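One structure is given here, and the rest of the page talks about it.
Below, the structure is given as structure tokens:
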């Protein structure tokens, strides 16, 4: 092998390395969210343990001292509530909801179960406890039907959104790397590399398509969360025919705390809602809270 041939071969290998390097960097960056999550978890672990310990103490005291048990659940509620700015995941909302339900705050409990379900729609524990909380409501008008976005995004939620995001970044990075290598091989125009070039190109296109599909499911998740009009009444309140105390009640009796609704229009101090049975009316803004942030 001549010196020029050896130099050309080495040059080609180095060019391949430089082509792959950016995609390896991108693949590494894709893992950063999980590393950050671990860091956040370490910072809040003490408070989480305290909140769970208070909850467990309340459970243990329930049979012997109702007053002390209620105080323990209230303490757990306070500790979980303080985690809101730094920790927004399904587990925190779920545990917070459990403490709220035990403390007797059914409206806020259902809201937190719904927020946990918004993040993890297929979590069996969240679904079961939400159903139990709903069963405690008297005169419940029911639960509004799932929206089209919720139904469309449901199958993909078997895999967590963060996992799908990481997989999309990895697939996109490796896919582009394969396409870059295929392009470099094609420029050599060697018959010996035709099969390898075709395989690399097909693998690259497949991985790129997979990445785009995963990105689509993540986009649907973001739309489902950010544009959700679902809400929960935090306190018992009257449903009125207009946005003011001077309007007549739409229903004879106030709606119970924990009633779920779909939000429509908002005006200063008032929110128009629609119940599962189609009844519409206005409630005090302070009594209603959207599930989405």
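In the working numbering, the protein residues as written are 1121 to 1413.
Where is the CB? At the ideal position from N, CA and C, for every residue including glycine.
Because the structure is a prediction, the values reported are computed rather than measured.
Compare the C-alpha of residue i against each of the options and name the closest.
i            : options                   : result
residue 1281 : 1337, 1327 and 1253       : 1337
residue 1372 : 1379, 1286 and 1360       : 1360
residue 1382 : 1271, 1262 and 1247       : 1262
residue 1387 : 1346, 1240, 1245 and 1408 : 1408
residue 1254 : 1363, 1233 and 1267       : 1233
residue 1196 : 1213, 1329, 1400 and 1246 : 1213
residue 1385 : 1186, 1169 and 1350       : 1350
residue 1340 : 1285, 1400 and 1353       : 1285
residue 1390 : 1252, 1184, 1295 and 1366 : 1366
residue 1276 : 1334, 1264 and 1303       : 1334
residue 1303 : 1283, 1317 and 1241       : 1317
residue 1066 : 1266, 1308 and 1325       : This structure cannot settle anything about residue 1066, because the visible part of the chain is limited to 1121 through 1413.
residue 1228 : 1399, 1209, 1412 and 1377 : 1377
residue 1412 : 1226, 1208 and 1279       : 1208
residue 1164 : 1201, 1193, 1410 and 1180 : 1201
residue 1399 : 1182, 1356, 1405 and 1369 : 1369
residue 1274 : 1308, 1242 and 1283       : 1242
residue 1288 : 1301, 1260 and 1331       : 1331
residue 1405 : 1374, 1395 and 1354       : 1354
residue 1342 : 1193, 1240 and 1167       : 1240
Could you spell out the range, first to last residue, of the alpha helix (DSSP H) harbouring residue i?
i            : result
residue 1196 : 1186-1201
Report, in whole angstroms, the separation of the C-beta atoms of residue i and residue j, which I expect to be a contact under 8 Å.
i            : j            : result
residue 1348 : residue 1238 : 7 Å
residue 1230 : residue 1380 : 7 Å
residue 1321 : residue 1299 : 6 Å
residue 1178 : residue 1235 : In fact, because the Cβ distance is near 22 Å, the residues do not count as touching under 8 Å.
residue 1199 : residue 1170 : 6 Å
residue 1246 : residue 1210 : 7 Å
Would you mind sorting residue i into buried or exposed? The rule is 16 or more other CB atoms within 10 Å of its CB.
i            : result
residue 1149 : Here residue 1149 scores only 48 on pLDDT, less than 50, and its place in the model should not be relied on; the value that follows carries that caveat. Exposed, by the Cβ-count rule.
residue 1133 : Residue confidence for residue 1133 is low, a pLDDT of 48 falling below 50, so the modelled location carries little weight; the figure read from the coordinates is stated next. That one is exposed.
residue 1397 : exposed
residue 1224 : exposed
residue 1174 : buried
residue 1392 : buried
residue 1184 : exposed
residue 1402 : buried
residue 1156 : Low per-residue confidence applies at residue 1156: pLDDT is 44, beneath 50, and the placement is therefore not dependable, though the value from the model is reported in the following sentence. That one is exposed.
residue 1429 : Shown here, the chain extends from 1121 to 1413; a query on residue 1429 therefore has no answer.
residue 1130 : Reliability of the predicted coordinates at residue 1130 is poor, the pLDDT of 46 falling under 50, and the value obtained from them is presented with this limitation in mind. That one is exposed.
residue 1244 : exposed
If you follow the beta strand (DSSP E) that residue i is part of, which residue opens it and which one closes it?
i            : result
residue 1400 : 1400-1404
residue 1344 : Here residue 1344 belongs to no beta strand (DSSP E); instead the alpha helix (DSSP H) covers 1314-1346.
residue 1352 : 1350-1353
residue 1370 : Segment: none, residue 1370 is in no beta strand (DSSP E) and carries neither H nor E.
residue 1430 : Since the displayed the chain opens at 1121 and closes at 1413, residue 1430 lies outside it and no answer follows.
residue 1410 : 1408-1410
residue 1391 : 1390-1394
Can we count residue i as close to the ligand ZN, meaning its CB is less than 7 Å from some heavy atom?
i            : result
residue 1240 : By its list of ligands, the structure shown contains no ligand whatsoever, and the ligand ZN lies outside what it can speak to.
Taking only runs that begin and end inside the region 1204-1280, name each unbroken alpha helix (DSSP H) of 4 or more residues, in chain order. 1210-1223, 1226-1239, 1244-1255 and 1268-1273
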